[in-house]
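What follows is a short report on a single structure.
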Amino acid sequence: MADVLRLSAVARPVIDSCLRFCNVRSGIFLLVLCMILCGSWRGNAAQAQSATSTTLVIASGTGPATSVASGSVVTLTASVTTASAPVKIGQVNFCDASVAYCTDIHRIGTAQLTSAGTAVIKFQPGLGSHSYKAIFAGTNSCLGSTSAAAALSVTGTAPTTTLLQTSSPSSGTYDLTATVSGFGSAALTGSISFTNLSDASAVLGTATLSAGTAGLNFLELQNIGAPNIAPGGGAAVGIATADFNGDGISDLAVLNSGTSSTAAGSVTVLLGSGGGNFKAVAANPATGQGSGVIVTADFNGDGIPDIAVANGTTNNITVLLGNGDGTFAATPNSPATGSGPNAMIASDFNGDGIPDLAIVNGTSNTLTILLGNGDGSFTPTTNTQQTGAAPYFIATADFNGDGIADLALLNSDGGTDTLTIYLGNGAGGFTLVTTGPGAGTAAAAIAIADFNGDGIPDIAIENYVVNGAGLDSTVTVTVSVLQGNGDGTFQAESGVSFQSQSASADALLVADFNNDGIPDVAVDLLSQAEVRFPNSVAVLLGTGSSMFTTTAISSETGLFPAPLIAGDFNGDGIPDLATPFHDQTVFDPGSVNLLVTFDQTATATASGIALPPSSGMNEVVANYPGDSNFSASASAPVSLTALAGPATISVTSSIASPISYGTSITFTATLTGAGATPTGTVTFYDGSGQLAASQLQNGVATYTSANFSVGTHSIAAQYAGDANYTSGTSSVFPLVVKPANANVTITPSSSSLSTAQSLNVTVTVSGAAGSPSPTGTVILSGGGINAASPSYASAPMTLVSGSATFTVSGAALGAGQDTLVAAYTPDATSAGLYAASSGRTVVIVTGTGAPTLTITPSATSITNQQSLTVAVAIAGISGSPAPTGAITLTSGSYSAQMTLPNAAFSISAGTLSAGSNTLTAAYSGDGLYMASSGTATVNVSDVVVSATTPSPVTPGSSTTSTITLNTGSSYSGTLNLSCSLTTPPANAQSLPTCTLNPAAATVMTGATATTSLTVKTTAAATALLQPFDRLRGMGGGGLALAGLVMLGTSLRRRRWLSVLAMLAIGISGAGIGCGGNGNGSGSPNPPPTTAATTAGSYVFTVTATDSTNSSITASSTVSVMVQ
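The following block contains the structure:
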């Protein structure tokens, strides 16, 4: 009665109850009536769902494809539509269209519909003819549908995998064995070439493949992804596979638990690059504490696989959303689970087309259902489902054929494990099947598949029994199949058992390992940890009738593996196995072992292979060129070490022999060889005496010394050898050391003196650094026409601590430039070390006359953009000859010299530093005059103000000066200008005034601007008597009379008489008041006078100030002469 129609979550429980009621009714009439009613209800419930249509397109490269070459990546794109619009939510299964049922091994892949209305998978199909179809599973609102079959032919040769193994039967040679494996009906043929990647891929040897062996087996490829698994320690406890970067090649995600139950875990992603090769993604996204289970699904419907991790300590789920490049971003929320989540599965439990999660909680004995929201977040169902005791495994399938996902759980109850079946109700809830099948003792895992080909899911259960105890114990593993009845119940079948030297059985998974279209199972076997036996996997081949072959195909998997995962990791269309492993006892970071499935294998061995001597570590690979049935492949590189050989040792010196005593000399030992650069230590010897040991750097070692004694030395370098080179000694380098010239230094107390002065001269005699101080005597001489005929010569003076001091008069040397010569003669102590040596210096002896030196710069303030001229004058004694010799002008780093009589120096712009600069002019002196010097100061500013000298002015007139603003290389801006009288003559009257036009100027860097300064003076003047001056003296009486007249006049007449009356009375009252003109004397005031501007020199200061930074200012003075 049940079909694959998806019903609404509300109607389904009622209809299912009706159907179960019908199944237990007796009587034909009642049964038929019941079925009609139930069917009617079911039809009405289904009417709310829209019909859909599914199409499938196969593409490869840039367009549709019906035929591709072996190893190509193909894309299956399913489009699902209703009558009016594309369907954007739901799951599409891509299946083998050549079989009746799309179950387990016949399901190529699964993908979620995206917002584009399509579901896409990419993969590498195996050789042969294929037919694919896409099945839309349907949702609560859309009916399922199936596409038409699409054909694809894969041609070419089958992929192969080559493994290189080595042994070293004798010192310096290797036996190289290549094992080539592939999947196909023909035997492998051809030859192997062994090449040295470290030596420009030179061929070391070749060998022909053996006749080969046919039969299903696995080739172990170790240490995939190392050392990126479990970074920082911890255990690799889970593994999942999906195409995380969308390139059609299977990738791996390894779950790392962390170093403790409270440490955060992480996920390491290994991106497949083809041929069983992987590369770790740099980022390892973090998970929660006590991470233990990992699953993949597209939780947000973007077509990119995501990851969910169950965390056993924090009791929650970490959701990592894929970015499409192998990296992931964690969602902000971590949905809660029950206590101790230890198993998890992803499926659509409520029929909305969005993946949900089912988690069993081993501590709280509960089942948590998290319903996906389609954006990576989840909503828990309202009811928590109780389970049996200590649930530890979960799987999902549609056990009763109603199109709704059901669950199978394993529980551990006092040593007797049970299998519990829960039937889904389509709304995220589940109903316990009251009579579940037994699971037997020590059930490790279950796997679900259609083992008998009837389209109904069956359950394989893995049990194990330990036989004996200790290191000699074995384990009997039994795999039994429970055949599904299609209503959620199962029939028990007898199982297949085998024995293994293991401690227990662990994972159980389903795949078609021999490509016969029948499900097989792989059993993960754990070794006894204390003896560190390798773990292994055993494969039982399906027979198609719920039974398996009785002989297990076994292959090693490594130490302490986590659960197995199946996938096509080398692109041949045949499922392989992958398992992470690590050293659980010390939490060593682990890696992944691949077990590549093959049924054809052949080997080739090249013996006695020698590597280039002294070439160190060599990377060697085995290359299989392929044949007419199989493709070429190369092994992973294997590191081999070459034999050590002799090195060539040469010794050279930095200075040719002979050398003087005390000379520092460096000996260089250079080592070369046939292969790698020699490393290690070189010891230098002088005859049989050891000098020093030196570490080689890029094949070179050095020894430096200045302590070789006078005589002949035999220098050699002895090499200790390293892994690539044997020890050896260089030929002898003869070194001859002769007595050295001592360093004679003369230090006068002054470089010049007059003929009336004396000079102290210190002579210092020294050897090279680290050498003994010379002893003996020194004679000082000088003056005269030349050093050979000195006018002065001292008596020999014995050196004290390497020095002697002499006193020499200027008169003894004579005026002029004199050369002082100090001659050193070694005594008996130093004669074997030092030769007779001398040193010299020059002093100037001048006359006693005192010249007069003046220094005059062309400006006392300039910018760094202006040049400067400096005139230096030297005057002698009146009546005496003019001074001769040289003038040296210095300031900071500037120095120049001129010979008299010329002494005009030109200093370029920018030579002097910013700020105040002291110019020093030094006269050398001559036979008549002493040396002398003088200084001047020049300021270098950002802004300099200069002015022209105005014409003299007479009182009452004005004069002007042009003000020039110069800027340096670091200033530009607007300058506000002001002027003021700063120095007038004493008791000056009618002071002159100044104005600037314009009063502001904008100046660019290194430019000039001008303004005009105008100075006005005052002429003498006498003031004229004004007509109304006498009115000012009118007394108060006149005004009072005017007031009385106004009071006696009518208001009307006041209006026109008022002005006339006031005027007349005021005038007449001028003689009536109290004193006439008001000065009390009756006599007139004398007329006032204005004094003329006092003659003399007036100094005005013009100041320029930056408009925004008042600290930038400059000024100049202008002298105005008033005549």
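For the sequence shown, counting from 1, position 14 maps to 13 in my numbering; every step adds exactly one. Beta carbons are placed, not taken as given, at the ideal position from N, Cα and C, and that holds for glycine.
| task | Mark S180 as exposed unless 16 or more other C-beta atoms lie within 10 angstroms of its C-beta, in which case mark it buried. | result | As a working mapping, residue 180 is identified with position 181 in the sequence shown. Burial state of S180 is buried, judged by a 10 Å Cβ sphere holding 16 or more other Cβ atoms.
| Since L366 is in the alpha helix (DSSP H), which residue starts that stretch and which ends it? | In the sequence shown, counting from the first residue as 1, residue 366 sits at position 367. Annotation: L366 is outside any alpha helix (DSSP H); the continuous beta strand (DSSP E) that includes it extends over 365-371.
| said: Taking DSSP's pairing of strands, which residues face T378 in a bridge? | reply: By 1-based counting over the sequence shown, the position of residue 378 is 379. Per DSSP, the beta bridge partners of T378 are L370.
| Could you give the distance in angstroms between the alpha-carbon of S496 and the alpha-carbon of T113? | The residue you call residue 496 lines up with position 497 of the sequence shown. The residue you call residue 113 lines up with position 114 of the sequence shown. Rounded to whole angstroms, S496 and T113 show a C-alpha spacing of 46 angstroms.
| message | Checking 9 angstroms against the spacing of the C-beta atoms, do V943 and N965 come in under that value? | response | Your numbering for residue 943 matches position 944 in the sequence shown. Your numbering for residue 965 matches position 966 in the sequence shown. Yes. Within cutoff.
| Among Q384, L431, I460, the one whose alpha carbon lies nearest that of D416 | To locate residue 416, count along the sequence shown from 1; it is residue 417. When the alpha-carbon of D416 is set against those of Q384, L431, I460, the nearest one is in I460.
| task | Starting from G237, follow the beta strand (DSSP E) in both directions and report where the run begins and ends. | result | Along the sequence shown, one-based indexing puts residue 237 at 238. Counting along the chain, the beta strand (DSSP E) containing G237 begins and ends at 235-241.
| query | Beta carbon of T194, beta carbon of L187: below 9 angstroms? | reply | Start at 1 with the first residue of the sequence shown, and residue 194 comes out as number 195. Start at 1 with the first residue of the sequence shown, and residue 187 comes out as number 188. T194 is not a Cβ neighbour of L187, given a cutoff of 9 angstroms.
| field | Complete beta strand (DSSP E) runs within the stretch 289-377 (minimum length 3 residues, chain order) | value | The qualifying runs are 290-296, 305-310, 315-321, 327-329, 340-346, 355-360, 365-371.
| task | Excluding the 5 residues preceding and the 5 following V432 in the sequence, name in chain order all residues of the same chain whose CB lies nearer than 8 angstroms to its CB. | result | Counting from 1 along the sequence shown, the entry for residue 432 is found at position 433. Excluding residues within five positions, the ones whose Cβ falls inside 8 angstroms are T419, I420, Y421, L422, G487, T488.
| request: Count the C-beta pairs between the stretch 976-988 and the stretch 948-956 that are closer than 8 angstroms, then say yes if the count reaches three, no if not. | output: Touching, no, given that fewer than three Cβ pairs across the two stretches are closer than 8 angstroms.
| request: Could you tell me whether the Cβ atoms of G516 and F450 are closer together than 9 angstroms? | output: Position 517 of the sequence shown, counted from the start, is the residue given in the question as residue 516. Position 451 of the sequence shown, counted from the start, is the residue given in the question as residue 450. Taking a C-beta distance under 9 angstroms as the contact criterion, G516 and F450 do not qualify as a contact pair.
| message | Per the DSSP calculation, F666 is bridged to which residue(s)? | response | Here the question's residue 666 lines up with position 667 in the sequence shown. Residue pairing for F666: DSSP places it in a beta bridge opposite S652, Y702.
| task | Along the beta strand (DSSP E) that carries G933, what are the first and last residues, could you check? | result | By one-based count along the sequence shown, residue 933 stands at place 934. The continuous beta strand (DSSP E) containing G933 extends over residues 931-939.
| Is there contact here, the stretch 1005-1018 with the stretch 1095-1104, by at least three beta-carbon pairs under 8 angstroms? | Segments in contact, yes.
| What span of residues does the beta strand (DSSP E) with L422 cover, start to end? | Mapped onto the sequence shown, residue 422 falls at position 423. Unbroken beta strand (DSSP E) run through L422: 415-423.
| How is the beta strand (DSSP E) around L695 delimited, first residue to last? | Counting from one through the sequence shown, the residue named residue 695 turns up at place 696. No beta strand (DSSP E) contains L695, which DSSP labels as neither H nor E.
| request: State buried or exposed for Q111, treating a residue as buried only when at least 16 other CB atoms are found within 10 Å of its CB. | output: Numbered from its first residue, the sequence shown carries residue 111 at position 112. Label assigned to Q111: buried.
| field | Backbone CA spacing between S923 and P882 [nearest angstrom] | value | Your numbering for residue 923 matches position 924 in the sequence shown. Your numbering for residue 882 matches position 883 in the sequence shown. Separation of S923 and P882 (C-alpha to C-alpha, rounded to the nearest whole angstrom) is 10 angstroms.
| message | Is the beta carbon of G287 closer than 9 angstroms to that of G264? | response | Numbered from its first residue, the sequence shown carries residue 264 at position 265. Numbered from its first residue, the sequence shown carries residue 287 at position 288. Yes; because the gap between Cβ atoms is below 9 angstroms, this pair is in contact.
| query | Is the Cβ-Cβ distance between G483 and I445 less than 9 angstroms? | reply | Here residue 483 refers to the residue found at position 484 of the sequence shown. Here residue 445 refers to the residue found at position 446 of the sequence shown. Going by beta carbons, G483 and I445 fall outside the 9 angstroms limit.
| field | I854 - DSSP class collapsed to helix/strand/coil | value | As a first step, residue 854 is located in the sequence shown; it is residue number 855 there, counting from the start. Strand, per DSSP.
| Cβ-based burial, P562 [other Cβ within 10 Å; buried from 16] | Stepping through the sequence shown from its first residue, residue 562 is reached at position 563. Flag for P562 reads buried.
| said: Taking the beta strand (DSSP E) that G914 belongs to, which residues open and close that run? | reply: Stepping through the sequence shown from its first residue, residue 914 is reached at position 915. It spans 914-922 - the beta strand (DSSP E) in which G914 sits, taken as one unbroken run.
| field | Opposing strand residues paired with V464 [DSSP bridges] | value | Position 465 of the sequence shown, counted from the start, is the residue given in the question as residue 464. In DSSP, V464 forms a bridge with T475.
| query | According to DSSP, what are the bridge partners of S659? | reply | For this step, residue 659 is matched to residue 660 along the sequence shown. Answer is K737, bridged to S659.
| query | At what residues does the alpha helix (DSSP H) containing G809 begin and finish? | reply | For the purposes of this step, residue 809 is taken as the residue at position 810 of the sequence shown. Counting along the chain, the alpha helix (DSSP H) containing G809 begins and ends at 809-812.
| Helix, strand or coil at L196 [DSSP, three-state] | The count along the sequence shown starts at 1 and reaches residue 196 at position 197. L196: helix per DSSP, three-state reduction.
| Start-to-end residues for the beta strand (DSSP E) that takes in G271 | Numbered from its first residue, the sequence shown carries residue 271 at position 272. First-last of the beta strand (DSSP E) with G271: 263-273.
| said: Going by beta-carbon coordinates alone, are A328 and I316 separated by less than 9 angstroms? | reply: To locate residue 328, count along the sequence shown from 1; it is residue 329. To locate residue 316, count along the sequence shown from 1; it is residue 317. Not in contact: A328 and I316 (Cβ atoms no closer than 9 angstroms).
| N- and C-terminal bounds of the beta strand (DSSP E) containing A201 | Position 202 of the sequence shown, counting from 1, holds the residue named residue 201. Note, A201: beta strand (DSSP E), 201-207.
| request: Could you check what DSSP says for I104 in three-state terms: helix, strand or coil? | output: For the purposes of this step, residue 104 is taken as the residue at position 105 of the sequence shown. Residue state, collapsed to three classes: helix.
| said: With distance defined between alpha-carbon atoms, name the residue in T898, G766, T851 nearest to S836. | reply: Here residue 836 refers to the residue found at position 837 when the sequence shown is read from its first residue. Ranking the options by Cα distance to S836, first place goes to G766.
| Within 10 angstroms of its Cβ, does V799 collect 16 or more other Cβ (buried), or is it exposed? | As a working mapping, residue 799 is identified with position 800 in the sequence shown. Counting Cβ neighbours within 10 Å, V799 comes out exposed, since fewer than 16 surround it.
| Does the beta-carbon of N901 have 16 or more other beta-carbons within 10 angstroms, so that it is buried, or is it exposed? | To locate residue 901, count along the sequence shown from 1; it is residue 902. Here N901 is exposed: its Cβ has fewer than 16 other Cβ atoms, across all protein chains shown, within 10 Å.
| request: Return the CA-CA distance between L1030 and A1019, expressed in angstroms with no decimal places. | output: By one-based count along the sequence shown, residue 1030 stands at place 1031. By one-based count along the sequence shown, residue 1019 stands at place 1020. Any reading at L1030 is ruled out, since the residue's pLDDT is 39, under 50, leaving its predicted position unreliable.
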